[in-house]
Structures are given as structure tokens and as C-alpha cells.
Amino acid sequence: SWATYCPWLFSQDHKNHDVVGGTEIGTCLGDLFSVNWMEDSDLHRIFDIPEKLIQQAQIVTFETNLSHVTQFGDRSVAQLEVTDFQGTTDGVVAKASWPQTTGEDQVREILGRVGKVDPNKAEEYGRLSELKKVSSVPASYAAIYSAYARLMREAASPRNHASELRAAQVLLQALQERIRGLEGRVEERGE
Numbered sequence: 006s007w008a009t010y011c012p013w014l015f016s017q018d019h020k021n022h023d024v025v026g027g028t029e030i031g032t033c034l035g036d037l038f039s040v041n042w043m044e045d046s047d048l049h050r051i052f053d054i055p056e057k058l059i060q061q062a063q064i065v066t067f068e069t070n071l072s073h074v075t076q077f078g079d080r081s082v083a084q085l086e087v088t089d090f091q092g093t094t095d096g097v098v099a100k101a102s103w104p105q106t107t108g109e110d111q112v113r114e115i116l117g118r119v120g121k122v123d124p125n126k127a128e129e130y131g132r133l134s135e136l137k138k139v140s141s142v143p144a145s146y147a148a149i150y151s152a153y154a155r156l157m158r159e160a161a162s163p164r165n166h167a168s169e170l171r172a173a174q175v176l177l178q179a180l181q182e183r184i185r186g187l188e189g190r191v192e193e194r195g196e
């Protein structure tokens with residue numbers, strides 16, 4: 006699986022992607038599948054467009070292009086509405102009071118013709134889609150990426166040697182944990 010909205014590392018835009026409410030969190034904000042699922046849920050809620058579970062599964066699987074998505078459990082619920090499980094079930098969808106996502110072309114591609122699309126929401130969705138492309142990393146390396154980003158932030162602060170040292174130690178610990186995991190796999194497979 007892949008983590009997304011991670012701190013800047015090698016992204017082309019050289020910006021931090023782990024910002025919530027103006028604050029850098031210092032870690033990846035979610036796994037790609039869950040983020041895609043939540044954004045899809047928000048998208049349909051905002052545009053008052055009903056969606057069946059099977060449709061949501063297909064869309065989220067398509068959007069989760071860096072991970073392998075599998076279905077399991079009782080598939081007989083596939084034709085039920087998403088709102089039977091989240092939100093409302095009476096056909097009344099709560100309106101969001103905050104700006105939401107979606108690139109107009111992407112909204113139309115995902116949802117079909119939905120009438121007029123708010124250009125601000127379309128622009129935000131497009132921005133977030135691009136952001137996921139540059140800020141996603143393999144989940145097994147998320148701790149390393151986050152620790153490295155923190156070290157780079159600390160190293161950029163003048164006379165901040167104690168914080169830089171702590172950040173370097175956290176990075177070293179993350180690397181050592183990954184090495185132990187890889188050694189276990191190599192031993193297990195007899196490589």
C-alpha cells in the first residue's frame with residue numbers, strides 16, 4: 006500500500022504536503038486507498054449525487070493506482086446506497102460548509118454529467134489529485150520519508166543543533182527498523 010499527503014521529499018513542487026490548518030504535521034496524512042475513499046464520499050455528498058457501494062468501489066479502485074485493491078466480505082450489499090452506511094439514509098444529503106474538491110473534467114468523468122460544477126471546487130479537486138501524485142510513498146517507507154523531511158526542516162533552522170540531532174536519531178531509528186524488517190524477509194525467503 007501507499008501513504009499520501011506526505012512531507013516534501015523529492016516532489017517536483019518542493020512544497021510540504023503534510024499541512025493541516027496551516028501546521029506541518031510531520032507525517033503522511035493517510036493511506037492512498039482511504040484518502041481516495043473519503044474524497045469520493047465527500048464528492049458525492051457535496052454534489053448530492055447518490056452512489057451505490059459497487060460504484061464507489063470501482064471509482065476508488067481506479068483512483069488507487071499505486072496499490073492493489075481487493076474486495077472481500079458480503080458482496081450482496083454492492084447495490085445498496087453509500088448513504089445506507091454513512092451520512093443520511095432518507096435521501097437528504099447534508100451540505101458541506103467548507104470548500105471541497107474536484108477538477109471539473111475529473112468530476113464529469115467520474116460522475117458523468119452533473120450539471121454546473123463550481124469552478125473553485127473543480128480547481129481544488131484537480132490540485133488535490135496532482136498533490137497525491139507527488140506526495141505518495143510506499144507505506145513501508147513512510148516513517149523514513151517523514152523522518153527525513155523532519156531532519157531537513159531542522160537542518161534548515163539556524164543554530165538548531167539539538168533538534169537536528171533528535172531528528173537524525175529518529176531517522177536512524179526508522180532506517181534500522183526497516184533494515185530489521187528486510188533482514189527478516191531475506192532470512193524467511195532464504196535469499
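Letter by letter, the sequence shown follows residues 6 to 196 of the numbering used here. Even glycine gets a Cβ: it sits at the ideal position worked out from N, Cα and C. Just so it is clear, the structure is predicted and the values come from calculations on it, not from any experiment.
Roughly how many angstroms lie between the CA atoms of residue i and residue j, to the nearest whole one?
i      : j      : result
Gln181 : Val175 : 10 Å
Arg80  : Glu44  : 22 Å
Val40  : Thr9   : 8 Å
Tyr197 : Gln63  : No statement about residue 197 is possible, as the shown extent of the chain runs from 6 to 196 and does not include it.
Met31  : Leu136 : Correcting the residue type first, residue 31 is Gly in the shown sequence and not Met. Cα to Cα, the separation comes out at about 16 Å.
Using the rule of at least 16 other Cβ atoms within 10 Å of the residue's Cβ for burial, across every protein chain shown, is residue i buried or exposed?
i      : result
Ile184 : exposed
Lys138 : exposed
Val65  : buried
Asp23  : buried
Measuring alpha carbon to alpha carbon, tell me which residue in the options is nearest residue i.
i      : options                       : result
Val142 : Leu37, Val24, Thr66 and Val87 : Leu37
Arg171 : Arg155, Pro163 and Gly186     : Arg155
Thr69  : Asp23, Gly78, His49 and Trp42 : Trp42
Leu34  : Arg190, Glu188 and Ala148     : Ala148
Looking only at its own chain, which residues have a Cβ that is under 7 Å from the Cβ of residue i, when we skip the five neighbours before and after it?
i      : result
Ile59  : Ala83 and Gln84
Ser102 : With a pLDDT of 37 at Ser102, under the threshold of 50, the modelled position of that residue is not reliable, and the figure given next carries that caveat. For Ser102, where only same-chain residues beyond five positions count, there are no Cβ hits under 7 Å.
Would you please verify whether the beta carbon of residue i is less than 7 Å from any beta carbon of chain C?
i     : result
Asp53 : Of the protein chains in this structure there is only one, and it is not chain C.
With a threshold of 6 Å on Cβ separation, who are the neighbours of residue i within its own chain once the five nearest residues in sequence on each side are excluded?
i      : result
Ser6   : Asp36, Ser72 and Ala144
Arg164 : none
Start and end of the alpha helix (DSSP H) containing residue i?
i     : result
Ala62 : Leu58 to Glu68
Ends of the beta strand (DSSP E) at residue i?
i    : result
Ala8 : Trp7 to Thr9
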